[in-house]
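Numbering of the sequence shown is given in the working numbering, commencing with residue 2 and proceeding in unit increments. Built from N, CA and C at the ideal position, the CB exists for glycine as well.
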Amino acid sequence: MKVTLLQVWFCTVGQCTSGNVEIFTCIWDTAGQERFQSLGVAFYRGADCCVLVFDVTAPNTFKTLDSWRDEFLIQASPRDPENFPFVVLGNKIDLENRQVTTKRAQAWCQSKNNIPYFETSAKEAINVEQAFQTIARNALKQVGVFVSVTRASAPHAHLGSAAEFRCSDK
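Here's what the structure looks like:
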């Protein structure tokens, strides 16, 4: 029997140096499963940044970026959809059978209001920290806070509701 789960992770990504603010991110990972798109309203509303991830070895995952972006904007209903912060990650760069070129991914990001783009390997931890620093900065800008993000000590996983985790001064 095959069971698909919607994974929800809450992780401390970093510690901000200005005002000693800890940033908690709430990452809703649907693993690209279209069947979870209907749950978007519950998960996306109130988001401060959206991360779109595709597999550089699977062109079909890149081709769906437009629909995932559009669906997010429809369901999240941000105040300023044209300037809502997105970050795109081209993952699995550690594998040899790459199908989506850097140039193609960068061109797509540029055509969508210059979305920041990172090539990552979750397995090898390549560019993951840099990507999440950008994600955190963009989310903070969205809520009107700008601070520099530095690497925290070891990340900690927390489980709970999204309402429990907001940027707060210590």
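Buried or exposed: which applies to residue i, given that a residue is buried once 16 or more other Cβ atoms fall within 10 Å of its Cβ?
i	result
G47	exposed
N84	exposed
N92	buried
V52	buried
V144	exposed
A43	exposed
I116	buried
D81	exposed
Select from the options the residue whose C-alpha is nearest the C-alpha of residue i.
i	options	result
Q134	F44, C50 and R99	C50
I136	L90, A123, K113 and T102	L90
V101	F63, A140, D71 and Q143	F63
N61	R99, E72 and F73	R99
R70	V54, E97 and I28	V54
A77	Y45, D56, T103 and R105	Y45
Using a Cβ-Cβ cutoff of less than 8 Å, which residues in the same chain neighbour residue i once the five nearest sequence positions on both sides are dropped?
i	result
I127	I94, D95, E120 and T121
Leaving out the 5 sequence neighbours to the left and right, which residues in its chain are closer than 7 Å to residue i when beta-carbon positions are compared?
i	result
W109	L66
Q107	Y118
T58	K93, L96, N98, R99 and Q100
A132	V88, L90, F119 and T121
Could you pull out every residue in the same chain whose Cβ sits closer than 6 Å to the Cβ of residue i, ignoring the five residues on either side in sequence?
i	result
E125	D95
C139	The sequence given here has Asn at residue 139, not Cys. Excluding positions up to five away in sequence, the list reads C50 and P86.
Which ranges does the alpha helix (DSSP H) cover as unbroken runs of at least 4 residues, wholly within the segment 31-99, from first to last along the chain? 41-45, 60-64 and 66-77
Give, in chain order, every unbroken run of the alpha helix (DSSP H) that is at least 4 residues long and sits entirely within the segment 98-139. 103-112
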